[in-house]
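Novice: Below you'll find the structure I mean.
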Amino acid sequence: MVAHTTATTADAYRLLHEGAIALARCEGGGLYVDERYLETTIAKTKGRLARIQTRLERSEVCKQWKKRFGNRMNLNSRDQLGQVLFGDMGFEGGVWMEKSQQYKTDDAILAGVDHPFIPTYQKYSKLQKILNTYLIGIQREAVRGIVHPFYNLHLARTYRSSSDSPNFQNIPIRDPSLGRLVRQAFIAPSGMCILE
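In terms of my numbering, the sequence shown opens at residue 4 and continues consecutively.
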């Protein structure tokens with residue numbers, strides 16, 4: 004028979020305290036990164052983005068976008084995209100949100116728009132996020148080939164852990180080819196291997 008115990012505030016504190024110490028050790032050890040790989044991949048990704056952007060700018064959607072917003076046109080603005088697609092061009096499937104006075108433009112909504120611009124735009128958006136959030140973020144945080152992400156137990160109200168500088172808990176995996184771009188930046192120290 005197992006005795007039932009009741010957790011106390013002291014038990015909870017001890018768990019968080021020991022967890023914070025363990026995560027601090029992980030921060031201190033850090034993760035090795037291939038800085039040459041990052042430099043090369045960032046340059047290649049910027050080139051890919053420029054080519055995709057040129058294709059996007061030739062489309063009728065972008066021409067309408069530029070007509071509406073002129074110099075304020077921002078390919079990264081989903082709000083502007085929603086106004087162009089659903090407001091100006093009249094595509095079906097637009098969901099108007101009263102509170103924000105904007106069209107909803109998440110990937111699920113955009114998937115319902117039957118136009119060749121959309122898959123190219125979504126690819127552009129994902130690649131832009133990979134470049135700025137992950138590749139450049141990892142490169143910015145690397146010190147002598149090692150990144151030391153912060154692991155937090157004190158930020159989320161649910162006490163789940165989080166990570167930042169860079170966010171090592173949120174490396175993309177849904178798109179295998181894009182996830183591979185980021186994951187290949189991490190290397191094992193001499194005599195060790197990385198397991199997942």
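Yeah, the Cβ is synthetic: ideal placement off N, Cα and C, and Gly gets one too.
Can you find the residues in the same chain that come closer than 8 Å, C-beta to C-beta, to glycine 182, ignoring five residues on each side of it along the sequence?
Specialist: The residues are Ile174, Pro175 and Ile176.
Novice: With DSSP as the reference, please indicate the residues paired to asparagine 155 in a beta bridge.
Specialist: Looking at the DSSP assignment, asparagine 155 forms a beta bridge with Ser165.
Novice: Is glutamine 104 helix, strand or coil by DSSP?
Specialist: Looking at glutamine 104 - three-state DSSP - the assignment turns out to be coil, as it is neither helix nor strand.
Novice: Spatial neighbours of phenylalanine 72 within its chain, please: C-beta separation below 7 Å, excluding the five flanking residues on both sides.
Specialist: Gln83, listed in sequence order.
Novice: Taking the DSSP output, what are the residues bridged to tyrosine 35?
Specialist: Partner(s): Ile149 and Ile190.
Novice: Taking C-alpha atoms, which residue in Lys126, Glu30, Arg147 and Leu78 lies nearest to glutamine 172?
Specialist: The candidate whose alpha carbon is nearest that of glutamine 172 is Glu30.
Novice: State the Cα-Cα distance for the pair valine 185 and arginine 54, rounded to the nearest angstrom.
Specialist: Their Cα atoms are separated by approximately 20 Å.
Novice: Just to confirm my understanding: we take proline 192, look at its own chain, exclude 5 residues before and 5 after, and list those with CB closer than 6 Å. What are they?
Specialist: So the qualifying residues of the chain are Tyr35.
Novice: Where histidine 151 and glycine 32 are concerned, what is the direct C-alpha to C-alpha distance, given to the nearest angstrom?
Specialist: About 7 Å.
Novice: Can you tell me where the alpha helix (DSSP H) with leucine 198 in it begins and where it stops?
Specialist: Where leucine 198 is concerned, there is no enclosing alpha helix (DSSP H), given that its DSSP letter is neither H nor E.
Novice: Starting from the C-beta of threonine 11, find all residues in its chain whose C-beta is less than 6 Å away, skip the five residues before and the five after it, and write them out in chain order.
Specialist: Cβ within range, chain order: n/a, list empty.
Novice: In three-state DSSP terms, what is valine 116?
Specialist: In the structure shown, valine 116 sits in coil (DSSP, three-state: anything other than H, G, I, E or B).
Novice: For threonine 202, which residues of its own chain have a beta-carbon under 8 Å away from its beta-carbon, when the five flanking residues on both sides are left out?
Specialist: With the chain running from 4 to 199 in the structure shown, residue 202 is simply not present.
Novice: Determine the closest residue to asparagine 170 out of Leu19, Leu158 and Gly140, with distance taken between C-alpha atoms.
Specialist: Answer by Cα proximity: Gly140.
Novice: Which residues in the same chain have their Cβ closer than 7 Å to the Cβ of isoleucine 121, if we skip the five residues on either side of it in sequence?
Specialist: The residues are Leu113.
Novice: I believe leucine 134 touches leucine 52 by the beta-carbon criterion, under 8 Å. Please report the beta-carbon distance rounded to the nearest angstrom.
Specialist: With 8 Å as the limit, leucine 134 and leucine 52 qualify as a contact, their Cβ atoms being about 7 Å apart.
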